[in-house]
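For reference, the structure discussed in these notes is given below.
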Amino acid sequence: MHKVPTKKDSSRKRLTWGERAFVFGGIAAAGATSAIGAPLGAGVDLLAPVWLGALGWTVVATIAHAFWRGFSRGDWSAFREAYEPPHHRDTLDLATGTGVGAYRRIAEQNELLMRGDTY
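Take the sequence shown: its letters are residues 1 to 119, numbered as in our numbering.
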């Protein structure tokens with residue numbers, strides 16, 4: 001079945017170049033400052049605060065952009081699509097060998113070793 005777009009439909013995920021420039025403009029400015037300032041002898045005293053400011057700008061601009069899209073377009077997907085931890089904690093993560101299953105296996109081995117049993 002096809003989804004019919006309505007006025008409140010927030011399925012439009014495409015970002016414009018202006019929105020991207022707003023968020024990443026600080027990093028572009030810091031890169032330009034580094035490209036110009038480093039050959040001219042600008043050291044860490046100047047470039048470190050510029051890069052920290054650019055990273056701070058990116059964080060603040062990302063949050064402001066998410067609120068702007070929410071209020072102007074009704075697109076609150078930036079806040080709705082949060083990470084949810086898995087519901088089944090008893091499963092063993094086979095890729096890393098971690099999780100509750102691995103913890104229980106190691107705890108059982110330690111218990112047997114403490115009691116003097118050698119498998």
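Where a beta carbon is used, it is the ideal one built from N, C-alpha and C, also for glycine.
query: Relative to the alpha-carbon of T16, which residue among I27, W76 and R69 has its alpha-carbon at the smallest distance?
result: Taking the sequence shown and counting its residues from 1, the one referred to as residue 16 is at position 16. Of the residues I27, W76 and R69, the one whose Cα lies closest to the Cα of T16 is R69.
message: Please tell me whether F79 and A61 are closer than 8 Å, where the distance is taken between their beta carbons.
response: Counting from 1 along the sequence shown, the entry for residue 79 is found at position 79. Counting from 1 along the sequence shown, the entry for residue 61 is found at position 61. Result no, Cβ atoms of F79 and A61 do not sit closer than 8 Å.
message: Helix, strand or coil, according to DSSP, for W68 in the structure here?
response: Translated into positions along the sequence shown, residue 68 becomes position 68. Three-state DSSP puts W68 in a helix.
task: Please go through the same chain and pick out, in chain order, the residues whose beta-carbon is closer than 7 Å to the beta-carbon of I27, but skip the five residues on each side of it.
output: Residue numbering aside, residue 27 sits at position 27 when the sequence shown is read from its first letter. Excluding positions up to five away in sequence, the list reads A54 and T58.
- prompt: Is G37 closer than 8 Å to L47 when the C-beta atoms are compared?
  reply: What you label residue 47 is simply residue 47 of the sequence shown in a count that begins at 1. What you label residue 37 is simply residue 37 of the sequence shown in a count that begins at 1. It is a contact, given that the beta carbons lie within the stated cut-off.
- request: Locate the alpha helix (DSSP H) running through T33, then write down its first and last residues.
  value: For the purposes of this step, residue 33 is identified with residue 33 of the sequence shown, where counting begins at 1. For T33, the enclosing alpha helix (DSSP H) starts and ends at W17 to L40.
- request: Could you check which residue in Y103, N110 and R20 has the C-alpha nearest to that of A64?
  value: What you label residue 64 is simply residue 64 of the sequence shown in a count that begins at 1. The residue from Y103, N110 and R20 with its alpha-carbon nearest to that of A64 is R20.
field: Which of helix, strand or coil DSSP assigns to W76
entry: Taking the sequence shown and counting its residues from 1, the one referred to as residue 76 is at position 76. Three-state result, W76: coil.
CA-to-CA distance, F22 to G43, given in whole angstroms: Here residue 43 refers to the residue found at position 43 of the sequence shown. Here residue 22 refers to the residue found at position 22 of the sequence shown. Spanning the alpha carbons of G43 and F22 requires a straight line of approximately 27 Å.
- request: Please report how far the alpha carbon of T120 lies from the alpha carbon of P49, in whole angstroms.
  value: Because the chain in this structure spans residues 1 to 119, residue 120 falls outside the shown range and cannot be described.
message: Given this structure, state the Cα-to-Cα distance separating R73 from N110, to the nearest angstrom.
response: Taking the first residue of the sequence shown as position 1, residue 73 is located at position 73. Taking the first residue of the sequence shown as position 1, residue 110 is located at position 110. Distance between the alpha carbons of R73 and N110: 57 Å.
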